[in-house]
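Participant:
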Amino acid sequence: MDQDKKHSKISRRKFIKGIGGGVVGGAVLLHNLPVLSESAIEPAGAGLEQKYPLIFKVNAKTVRVLVESSATLADVLRDQLQLTGTKIVCNHGECGGCTVLLNGKAVYSCMMLALDAAGSEVTTIEGLLNGEEINPLQQAFIEKDGMQCGFCTPGQIMAAQALLSKNPHPSRAEVMTGMSGNLCRCAAYPKIVDSVLAAAETHLK
Amino acid sequence: MKKTFNLVGKPVIRQDGYSKVTGKARFADDINYPDQLFGVMVRLPIAHARIKKIDFSEIENHPSVITICTAGDISGSNISGIIKQDQPVFCDQKIVTPGDVVAMLVGEDEELLRQLAGKVKYEIEPLPALTDPRKALDSDAVLIHPESKSNLIVHYPLRKGDIERGFSQSDHIVEQTYTTQLIEHGYIEPETVIAIPLAADRSVKIIGSIQNPFTARRIVAQALDLPLTRVRVEQAELGGSFGGKDDTMDILSARAAVAALKTGRPVKIRYRREESVLESYKRHPYILHYKVGFSREGKIKAMKIDILADGGAYASMSPFVTWRSVAQATGPYEVENVCTDVRAVYTNNPYTGAMRGFGSPQPIFAQESIMDEIANQLGKTPDEIRWINCLHSGSITATGQKLEKHDVNLIKVLDTAVQKTNFSRQWQACKDKNKSILPFIQKTHASQADKSLLLESEDLVAPDLLLRKGIGLALSYRGCSLGAEGIDAAAAYLSVQPDGSLYLVSGLAENGQGMRTTFSIIAAETLGLSVEDIHYLELDTGIVPDSGPTVASRSTLMGGGAVKIAAEIVRDRLQKFLCDFWKLNKQDVLCFEKNKVFSESDPQKTLRFSEVCQLAYRKGVCLAAIGWYPGPKVDWDESVGQGAAYFTYVYGCQVAEVTVNLGTGEVYVDRVVAVHDPGKVINLLGAQGQVYGGVTQGAGYGLWEEISSADGFIRELNFDQIFIPTSKDVGEIVPVFVEGDDQHGPWGAKSLGEPTLELTAAAIANAVRNAVGVRFFNLPLNLEEIVLKRKLKPGGLKRGSAV
Ligand code: FES
Ligand code: FES
Chain A
4 MDQDKKHSKI SRRKFIKGIG GGVVGGAVLL HNLPVLSESA IEPAGAGLEQ
54 KYPLIFKVNA KTVRVLVESS ATLADVLRDQ LQLTGTKIVC NHGECGGCTV
104 LLNGKAVYSC MMLALDAAGS EVTTIEGLLN GEEINPLQQA FIEKDGMQCG
154 FCTPGQIMAA QALLSKNPHP SRAEVMTGMS GNLCRCAAYP KIVDSVLAAA
204 ETHLK
Chain B
198 MKKTFNLVGK PVIRQDGYSK VTGKARFADD INYPDQLFGV MVRLPIAHAR
248 IKKIDFSEIE NHPSVITICT AGDISGSNIS GIIKQDQPVF CDQKIVTPGD
298 VVAMLVGEDE ELLRQLAGKV KYEIEPLPAL TDPRKALDSD AVLIHPESKS
348 NLIVHYPLRK GDIERGFSQS DHIVEQTYTT QLIEHGYIEP ETVIAIPLAA
398 DRSVKIIGSI QNPFTARRIV AQALDLPLTR VRVEQAELGG SFGGKDDTMD
448 ILSARAAVAA LKTGRPVKIR YRREESVLES YKRHPYILHY KVGFSREGKI
498 KAMKIDILAD GGAYASMSPF VTWRSVAQAT GPYEVENVCT DVRAVYTNNP
548 YTGAMRGFGS PQPIFAQESI MDEIANQLGK TPDEIRWINC LHSGSITATG
598 QKLEKHDVNL IKVLDTAVQK TNFSRQWQAC KDKNKSILPF IQKTHASQAD
648 KSLLLESEDL VAPDLLLRKG IGLALSYRGC SLGAEGIDAA AAYLSVQPDG
698 SLYLVSGLAE NGQGMRTTFS IIAAETLGLS VEDIHYLELD TGIVPDSGPT
748 VASRSTLMGG GAVKIAAEIV RDRLQKFLCD FWKLNKQDVL CFEKNKVFSE
798 SDPQKTLRFS EVCQLAYRKG VCLAAIGWYP GPKVDWDESV GQGAAYFTYV
848 YGCQVAEVTV NLGTGEVYVD RVVAVHDPGK VINLLGAQGQ VYGGVTQGAG
898 YGLWEEISSA DGFIRELNFD QIFIPTSKDV GEIVPVFVEG DDQHGPWGAK
948 SLGEPTLELT AAAIANAVRN AVGVRFFNLP LNLEEIVLKR KLKPGGLKRG
998 SAV
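First to last, the sequence lines map onto chains A and B.
Mapping of the first sequence onto the numbering used here: residues 4 to 208, in sequence order.
Mapping of the second sequence onto the numbering used here: residues 198 to 1000, in sequence order.
(1) Taking Cβ-Cβ distances below 7 Å as the criterion, which residues of the stretch 59 to 88 of chain A are in contact with chain B?
(2) Should L449 of chain B and P547 of chain B be called a contact, given that it needs their Cβ atoms to be closer than 9 Å?
(3) Consider the Cβ of I930 of chain B: report whether some Cβ of chain A lies at a distance smaller than 9 Å.
(4) Threshold first: 4 residues or longer. Then list the alpha helix (DSSP H) segments lying entirely within the stretch 785 to 869 of chain B, N to C.
(5) Please work out which residues of its chain come closer than 7 Å, Cβ to Cβ, to L146 of chain B, disregarding the five sequence neighbours upstream and downstream, and give them in chain order.
(6) Is the beta carbon of Y215 of chain B less than 9 Å from the beta carbon of A191 of chain A?
(7) Examine the Cβ distances between the stretch 763 to 770 of chain B and the stretch 456 to 463 of chain B and report whether three or more of them are shorter than 8 Å.
(8) Run down chain B in chain order and give the residues with a C-beta less than 9 Å from the C-beta of K194 of chain A.
(9) N275 of chain B: which of B:K602, B:K250, B:R415 sits nearest, CA to CA?
(10) Put Y111 of chain A into one of helix, strand or coil per three-state DSSP.
(11) Excluding the five sequence neighbours on either side, which residues of its own chain have a C-beta within less than 6 Å of the C-beta of C98 of chain A, listed in chain order?
(12) Return the residues of the stretch 914 to 947 of chain B that lie within a Cβ-Cβ distance of less than 7 Å from chain A, sorted by chain order.
(13) Between the beta-carbon of M182 of chain A and the beta-carbon of L166 of chain A, is there less than 9 Å?
(14) Shorter than 9 Å from the beta carbon of F224 of chain B to some beta carbon of chain A?
(15) On the DSSP bridge assignment, give the partners of S906 of chain B in chain order.
(16) Assuming contact is defined by CB atoms lying nearer than 9 Å, are G883 of chain B and D148 of chain A in contact in what I supplied?
(17) Measuring straight from C-alpha to C-alpha, what distance separates I210 of chain B and E146 of chain A?
(18) Could you tell me whether the Cβ atoms of S522 of chain B and Y483 of chain B are closer together than 9 Å?
(19) Between the C-alpha atoms of G756 of chain B and D443 of chain B, what's the straight-line distance to the nearest angstrom?
(20) Please tell me whether L989 of chain B and G862 of chain B are closer than 9 Å, where the distance is taken between their beta carbons.
(21) Report the neighbours of Y215 of chain B on chain A: residues whose CB is nearer than 8 Å to its CB, in chain order.
(22) Consider the Cβ of E124 of chain A: report whether some Cβ of chain B lies at a distance smaller than 9 Å.
(23) At which residues does the beta strand (DSSP E) containing P410 of chain B begin and terminate?
(24) Give me, in chain order, the residues of the same chain whose beta-carbon lies closer than 7 Å to that of I256 of chain B; leave out the 5 immediate sequence neighbours on both sides.
(25) Run through the stretch 122 to 196 of chain A for me and flag every whole alpha helix (DSSP H) of 4 or more residues, listed as ranges in chain order.
(26) Classify S744 of chain B as helix, strand or coil using the three-state DSSP reduction.
(27) Output, in chain order, the set of chain A residues within a Cβ distance shorter than 7 Å of T893 of chain B.
(28) Taking V92 of chain A as the query, report the chain C residues whose CB atoms sit under 9 Å from its CB, ordered along the chain.
(29) If we call anything under 9 Å between Cβ atoms a contact, is G745 of chain B one with G704 of chain B?
(30) T596 of chain B to D777 of chain B, Cα distance in whole Å?
(31) Applying a beta-carbon distance threshold of less than 9 Å, which residues of chain B neighbour S183 of chain A?
(32) Examine ligand 2 and report whether any of its heavy atoms sits within less than 8 Å of the Cβ of C152 of chain A.
(33) Starting from the Cα of R987 of chain B, find the closest Cα among B:S345, B:I341, B:Y375 and give me that residue.
(34) Taking all protein chains shown into account, decide if K250 of chain B is buried (16 or more other Cβ within 10 angstroms of its Cβ) or exposed.
(35) Any idea if Q940 of chain B is buried or exposed, counting beta-carbon neighbours within 10 angstroms, 16 or more meaning buried?
(36) Which value, in whole angstroms, describes the spacing of the CA atoms of D874 of chain B and K947 of chain B?
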């Protein structure tokens, strides 16, 4: 199944199509409700989608799980591995809330099929911890108050982590651009940018 | 009153920082129960219809469907509502908007249930959809809620002075109509709730992303017909709310609770973004008609204001939201003669309710635009016209209230903003410069009107000439807390342990704004402790009194007041105990500072706070207290809209500097200077965060955000089409605090969260006017509004890239 087809469980496309059709037929008719999912319903065995083994590294540990072919990396991390630090916000590749590192690069885990992570190394927000100890970037987010509600924060930090590993000494403008794929509705942006810059500076020392 | 503070007003790192940067913070969807079920909604694809029959026969025997909940499962009242009771938990008579839910499928496999929802069959009788609020009160309009006999949700009149005399005394009159759009809160965490049945006593526990746990408890108890004590609501960490996680979450809690009691298992409901946008309430679109009479000198003589708010399908908070609008619609100006009418009406559009700003951003956009138009007409600068009309100490507001007993810092915030930005000079310079481009703009608009987009060669200008700078300001006053419309009191529970550490919790809710840290600072300051000594408990309706809703920027003022009282009760007890212990006079003052307690007169007498607690505990001194902070009485005559609307006010002025690209219509916000008088700043870091957030959201409201609908159906259901600002979209934001004295609130601390948002769109609109010399009347000022002076709305449902 291609990504586009999979990424949204309540697919916007089908959902709207369904809603758009329908009622014009007039009163007192039996209508079928719009299907809220892309996948067709098989009368027998529906929901018992075939599962496949997935072996990959998560936060430096090798993990083996059975996953449905349609499961996204975000679903598997959250629901199967209980790594709930990764958040699902739009499930649509628009907000960065689900950002994790895949082989060191930032990816939207809601836009990636879990099976595509086979053999890769995934780092989530939980993986930044060394025991109870936080890393300098996390420390900077606390000190610079780079958050309000904190729901976008894991995604922001993972995006920043990737940004700094590519460009350890970014300018303010580079940080603003680099972080623009991560929405923060509380709009802690100035302080998020401060946090990333502060972390870069600690690195310098 | 204390003169020096150890913590108050300083930057204090938030208490929940560690849990949030490590991903350990427990948001509702991070909580799971081993045997939990999922609830999935069934909706009908129509905005308005009578329900004839819902037929589940094709799925009810499906092994994955454990149960189906409908209105028939509600043992108590199926009809809920915070103010007016008009919203069903499950619709069984009518559908009045496409977000409505007729049933909930319950089972283990969430995704499969979503598919099965498509197999539900139904019979309906479609009714005409009413989507234009201007037609809602027509005699032939279809009734959304026939039992209400009219589509009028509420009408607030305000009459002050003699409006006709006011106009006859005016040298000039402007009359203009402004509109504002529907927008989505866009809290980054979608709605989630879990209901857990507590079998032993037929009670239920709710954990969720709930803004107002006490309201949720009431709605759940009402639906289940249970005493309030049998419903315990615990707030999970909240991923943003901005006013948005109230009614929707109350109803979701009720649905989850019904299913949990029916199945005897925990039931979780979690929305994906599309469902969240579809069902949740939004910000009211307003149509605002202003007629303002003023003298040659610029003094406003009369204001006649007509406001129509689209309340959508349910009343929700409309009565309170529009009440604030009626009280504040003239803006912060002394106007002798005022005649205001604010109406909210039902339509089949998505329903509208509380959202940060709460009925103020709309009138401020209109009224502050008009102030600039008056200035332009009289050849004055925007700051001059405001100086002439501004409220000051002793002024009488539009509601007939005298402003007194606090620092009326309106002129001070205006002066500060003007000085910081060199406003008048900049404004004049931009205005003069822009005269040179006016012929070009007129030509462009003219050619668009006659559809020939061709310009003559002499019309061509260098690209950088297309970039125009502008500066604009907006000014407001804002009544604090609920005002005359609501019951206003808040509680805090504080319990000091024998080792000197303490538990704290208030009945108001942390919505991500940093309230827990603010309250901890207040308790720590009062007892001379540090913030780390305080353990803020999770809010649970079972452990602290109902403190009303966490809305109206009332937490610091009301909840903070309650925390201070609780801390003072304990401090007084310790003081009394120590005076006995040290054999001091009762009048002797003890100092609580730096984790120590000592006598001012005899510094030898010093103990660590922990030692004091240990001693007092052993002697049986009660170290726990409930602080109760009732708001002062306010009075209100609803028939004429006169009275003391709020017991105190805050003041703000924002200046926006923008660059407008005349070719593309893009407006870039270069800088916003936000000057606010929040009373006293408690946590500097938190206060700055409020300003950044409010200004950015205000800019989104002014420039990009809009939810459009066709026949009641929302077109933009996810962030690919709902444009909320990113880190790149807004330039520098400069928070400036002007502190004022007030007898209310902890050390005079009042409100900040909403004032920061309400001004930005208006300031930007005035800056755009200054940049291009054209007034825009309809928010948002997006590309098409600037270039074409109208909104491009696609005919069908498709819009944007993803559909
Ligand atoms: S949740 Fe993955 S990008 Fe928004
Ligand atoms: S901190 Fe709330 S969304 Fe970013």
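Here a beta-carbon is modelled for each residue, glycine too, at the ideal position from N, C-alpha and C.
Facilitator: To lay it out plainly:
(1) T87, G88
(2) no
(3) yes
(4) 806 to 815
(5) The structure shown does not extend to residue 146 of chain B, since chain B is modelled only from 198 through 1000, so no value can be given for it.
(6) no
(7) no
(8) L882, Q885, G886, Y889
(9) B:R415
(10) strand
(11) V92, L186
(12) L914, N915, F916, D917, I921, P922, T923, S924, K925, I930
(13) yes
(14) yes
(15) B:I911
(16) yes
(17) 6 Å
(18) yes
(19) 18 Å
(20) no
(21) I137, I145
(22) no
(23) It is not in any beta strand (DSSP E) - P410 of chain B instead sits in the alpha helix (DSSP H) that spans 410 to 421.
(24) V262, L313, K316, V317
(25) 139 to 146, 156 to 169, 175 to 181
(26) coil
(27) A190, Y192
(28) You won't find chain C in this structure, because its protein chains are A and B.
(29) yes
(30) 52 Å
(31) T923, S924, K925, D926
(32) yes
(33) B:Y375
(34) exposed
(35) exposed
(36) 9 Å
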